[in-house]
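Input: a single structure, listed below in C-alpha cells.
2 protein chains.
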Amino acid sequence: MKTEVTLGVDIGGTNTAFGFVDIDGKSYGSSSIPTKPQNSAADLFARLHPEVEKLFATIADTHVLKGIGVGAPNGNYYRGTVENPPNLNWGVVNVVEILKQYYNLPAAITNDANASAIGEMLFGAAKGMKDFIVITLGTGLGSGVVVNGELVYGSDGFAGEIGHTVYDPAGRQCGCGRRGCLETYSSATGIRRTVMELLASSNEESALRNVSYNDLDSKMIYSSAIAGDKLAKEAFEITGKILGLKLADAVAVTSPEAIILFGGLALAGNMIIDPAKKSLEENLFHVFRNKVKVLPSGLPEGNSAVLGAAALIWNEIKK
Amino acid sequence: MKTEVTLGVDIGGTNTAFGFVDIDGKSYGSSSIPTKPQNSAADLFARLHPEVEKLFATIADTHVLKGIGVGAPNGNYYRGTVENPPNLNWGVVNVVEILKQYYNLPAAITNDANASAIGEMLFGAAKGMKDFIVITLGTGLGSGVVVNGELVYGSDGFAGEIGHTVYDPAGRQCGCGRRGCLETYSSATGIRRTVMELLASSNEESALRNVSYNDLDSKMIYSSAIAGDKLAKEAFEITGKILGLKLADAVAVTSPEAIILFGGLALAGNMIIDPAKKSLEENLFHVFRNKVKVLPSGLPEGNSAVLGAAALIWNEIKK
Chain A
5 MKTEVTLGVD
15 IGGTNTAFGF
25 VDIDGKSYGS
35 SSIPTKPQNS
45 AADLFARLHP
55 EVEKLFATIA
65 DTHVLKGIGV
75 GAPNGNYYRG
85 TVENPPNLNW
95 GVVNVVEILK
105 QYYNLPAAIT
115 NDANASAIGE
125 MLFGAAKGMK
135 DFIVITLGTG
145 LGSGVVVNGE
155 LVYGSDGFAG
165 EIGHTVYDPA
175 GRQCGCGRRG
185 CLETYSSATG
195 IRRTVMELLA
205 SSNEESALRN
215 VSYNDLDSKM
225 IYSSAIAGDK
235 LAKEAFEITG
245 KILGLKLADA
255 VAVTSPEAII
265 LFGGLALAGN
275 MIIDPAKKSL
285 EENLFHVFRN
295 KVKVLPSGLP
305 EGNSAVLGAA
315 ALIWNEIKK
Chain B
5 MKTEVTLGVD
15 IGGTNTAFGF
25 VDIDGKSYGS
35 SSIPTKPQNS
45 AADLFARLHP
55 EVEKLFATIA
65 DTHVLKGIGV
75 GAPNGNYYRG
85 TVENPPNLNW
95 GVVNVVEILK
105 QYYNLPAAIT
115 NDANASAIGE
125 MLFGAAKGMK
135 DFIVITLGTG
145 LGSGVVVNGE
155 LVYGSDGFAG
165 EIGHTVYDPA
175 GRQCGCGRRG
185 CLETYSSATG
195 IRRTVMELLA
205 SSNEESALRN
215 VSYNDLDSKM
225 IYSSAIAGDK
235 LAKEAFEITG
245 KILGLKLADA
255 VAVTSPEAII
265 LFGGLALAGN
275 MIIDPAKKSL
285 EENLFHVFRN
295 KVKVLPSGLP
305 EGNSAVLGAA
315 ALIWNEIKK
C-alpha cells in the first residue's frame, strides 16, 4: 500500500518552499522556487505546478497525494483567499480556486503563524495539547491560538494577531500605522530597534557599536550575547520582558497550557525564553501562575513552515 | 407532554437566586435565599433544596426538570468545583457532587461571566453568533469568551479573565495584588475611582462633590451624567475609553463578531457603549476595524444571571 502524503506550500516574500509530508510528520523531499512578489498568484502557481510534479515523480511509486495545505501572509482559511499581503503584489486572490485548476484534492490555506500552530499540534511541541499559543518571532510577530484542540480563526478568519496588541500606545511606529504594537519590540526587527536604543542610552562597550542598523540582524545580536556582550544580552532581556508582559494578557483570555516560541529569533533558545518566562510569571493573574509552559518549537529547523502547511490539510482530512 | 425546564442557580456573595427556564429561555418562576457567605456550601444547598422543591411544586404538573446549571464566583467547569471564591468562606468545594445528593440529573457549574456568555448565546444578544465576548461590568469586570460556538475554558477552566489584563502596570491597586488591571478602571468600582480622580484633578462643579466614596454608586454617576453633570459624563468617557483600548487587544486574539456589555454598569447603555465603541475602533488593528459590534445584553434585567446558569446546562444537554 502506498504511503499517504500531503503537499505543504509555504509562500514567503522571497521564496516559496514546498514538500511532501505523511500523517506522522515525516518529510519526503522538499524544494523551493522564487516567489517573484511583483507577479500574480496565478503566475506563482503556474511555475510551482511543474516543480511539484517533478518532485512528486521521485516518490510517486510508493506515495499517494491526499491534499494540499498552504501557508501564506494574510491567508484566510474561511474564504480560501490571500488578502492584500503586505509583501506580495496580489491584492485579494482565491488561492484554493487556483489550486483546483491543477489538483482535484482537498486544499486549505491560512497564514503562516496559524499553519505553524497546527504543525506544532500534529508534529511538534504541542502534541497532545488542546489549548496553547504559538508565537512566531520573525521579521514581525505572528501568532496562532488553539482552543479545545481547534485553531481560533474568529468571525472573519483573521484571529491571532497578538503581534498587534499594544505594549505602549505612545511607543514605536508600527508598520500597521499605529504605535507601540508588541511586534515593534519582540521580533527580529524589534530587537534590532532595542539595540539601537541601548546604543543611544548607555555607554556600555559593545561589538554592535560597529554595525549599522541595516547590517544588524538577530543572529548577530545572539552571537554577541553568547560571546558575553552585555548590551546584546540586555537587548534579549528587554525583548523577552516585553513579550512576557503582553503574553500575560493573552493567557488571561484563553488560559493556554503552553506558549511555544517559533521562528528566527526563537532560535536564540533560553536567551529569549528565560526572560520571557520570568516576565510572564511576574505579570500573570494569580490563578494562572506556575501553570503555563514556555517552550521552543518542536519542529525541525529549516522545514518547519512546510510541515505547518502540510499539517493544516492533514488536520482537515482527519476531521 | 410536559414542558422541559432546567434549574438555574446564581450564587452571589449576598443572595442566591434560582428559577426554572425552558429551552427557549422562558422563565417559570424564580426566587432567592440569603447565601450566608460565612457558612459552608453544603449548608447553602441544604437550605436551597426545599426552596427549589417548593417552587417546582407550583409547576410540577406541567413541567419536568432536566438538569441544573450553577453560576458561582470561581466556578470551575472541568472539576465541578468552586475554588477559593473571594466573597464566600468555602475554600475548594465540589458543588456538582453536592447537587448529586439531591438530584440524579445532569449538572454543571462555571463562573457567572461564563454563564452570562452562554445565556447571551442561547437566549440573548449573541443568538446565532459563533465568536463573541461577553463583558460583565459589575463590582469587578468579568468576561466570557466564545470561539467556534463554544465557551473558552482553557487548559485549567479559568480562561476569560479580561478584567485582569493590565491597562497600566504602575496604575491603580487591584484586589488581585497587582496594579492597573482593567477592572480597576472599567467596572462599577472603577468608575467610582475615576470620579474621585476627576474631583481631585479638575475644578468642574459637580453634584458628586457632595457624595462620599462609600456612598457613591454607578447609578448615581449615571443619573448625574443624564442630568448634564460634566464630571459624571467625563467619568463615563474615561471608563469607556480604557475599556475600548483593552478590548482592542482581546479582539486581536479571538476576532469576535461582537462584544456584549452586561451587568450593572452596562445599564448605562450608550453612555458607556458609545465611548467604548469609539475607543475600540481607534485602537483596533486595521483588519478588524468596522467589523466588531458593541451591544448591550439581550437578557432581561433582573433575571439574567439565573437565565445564564440555566443556559449552561441546556447547552450541555443539547450536545
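Protein sequences appear in the order of chains A and B. Just so you know, we're using this note's numbering here: the first sequence kicks off at 5 and counts up by one. Just so you know, we're using this note's numbering here: the second sequence kicks off at 5 and counts up by one. In this text, a Cβ means the ideal position worked out from N, Cα and C, and glycines have one as well.
Collapsing the DSSP output to three states places A:R293 in coil. In terms of Cα proximity to A:Y157, the closest of A:E238, A:G79, A:M133 and A:A254 is A:G79. Those residues of the region 254-272 of chain B placed with their C-beta closer than 7 Å to a C-beta in chain A are A254, A256, V257, T258, S259, P260 and E261, ordered along the chain. Nearest Cα to A:K70 within the set A:I15, A:V99, A:L11 and A:D116: A:L11.
Between the region 256-268 of chain B and the region 224-244 of chain B there are fewer than three inter-stretch CB-CB distances shorter than 8 Å, so the stretches are not counted as touching.
Here A:E209 is exposed: its Cβ has fewer than 16 other Cβ atoms, across all protein chains shown, within 10 Å. By the neighbour-count criterion, in which a residue is buried when 16 or more other Cβ atoms sit within 10 angstroms of its Cβ, B:M5 is exposed. Against chain B, the beta carbon of A:G181 has neighbours under 7 Å at H290, listed in chain order.
The beta-bridge partner set that DSSP reports for A:R183 consists of A:Q177. Around the beta carbon of A:Y189, 16 or more other beta carbons lie within 10 angstroms, which makes this residue buried. With contacts defined by Cβ atoms closer than 9 Å, B:S120 and B:S283 do not form a contacting pair.
Between the C-alpha atoms of B:M275 and B:E305 there is a straight-line separation of about 17 Å.
For B:T169, the chain A residues whose Cβ falls inside 7 Å of its Cβ are D253 and A256, in order along the chain. Residue contact check for A:L141 against chain B: no CB pair falls below 9 Å. Among the residues facing chain B, A:I166 is included, as its CB has a counterpart in that chain under 9 Å away. Within chain A, S259 and K295 have C-beta atoms less than 7 Å from the C-beta of B:D160, given in sequence order.
Assigned with DSSP and collapsed to three states, B:T66 falls in coil, not helix or strand. Contacts with chain A at 9 Å (Cβ-Cβ) do not include B:V99. Shown here for B:E241: same chain residues with a beta carbon closer than 6 Å to its own, the five before and five after excluded, namely P279 in chain order. Counting every other CB atom within 10 Å of its CB across the protein chains shown gives B:P89 a total of 16 or more, marking it as buried. By the Cβ test, the region 285-304 of chain A is in contact with the region 242-258 of chain A, since at least three Cβ pairs between them sit closer than 8 Å.
Against A:D135, the close residues of chain B are G158 and S159, in the order they occur along the chain (beta-carbon pairs closer than 7 Å). At a cut-off of 9 Å, the C-beta of B:L316 has no neighbouring C-beta in chain A. Excluding residues up to 5 positions away in sequence, D26, I27, V68 and K70 lie with their Cβ nearer than 7 Å to the Cβ of B:E8 in the same chain. With a contact defined as Cβ atoms closer than 8 Å, B:H168 and A:A254 miss out at about 12 Å.
Annotation for A:T193: the continuous alpha helix (DSSP H) segment containing it runs A192 to S205. Rounded to the nearest angstrom, the gap between the Cα atoms of B:Y217 and B:L269 is 17 Å. Scanning A:V151, A:G123, A:L186 and A:G142 for the CA closest to the CA of A:D135 turns up A:V151. In chain order, V149, V151, N152, E154, V156, Y157, G158, A163 and T258 make up the part of chain B whose C-beta sits under 9 Å from the C-beta of A:V151.
Partner residues in the beta bridge of A:P300, as assigned by DSSP, are A:L265.
Residue-level contact check: B:P173 touches chain A, since one or more beta carbons of chain A fall below 9 Å from its beta carbon. Separation of B:L271 and B:E238 (C-alpha to C-alpha, rounded to the nearest whole angstrom) is 17 Å. Interface with chain B (9 Å Cβ-Cβ cutoff): A:N118 is excluded. Distance from the Cα of B:A50 is smallest, within the candidate group B:T193, B:T85, B:Q105 and B:Q42, for B:Q105. Looking at the DSSP output, B:E154 shares a beta bridge with B:V151.
If you draw a straight line from the Cα of B:S31 to the Cα of B:T140, it comes to about 22 Å.
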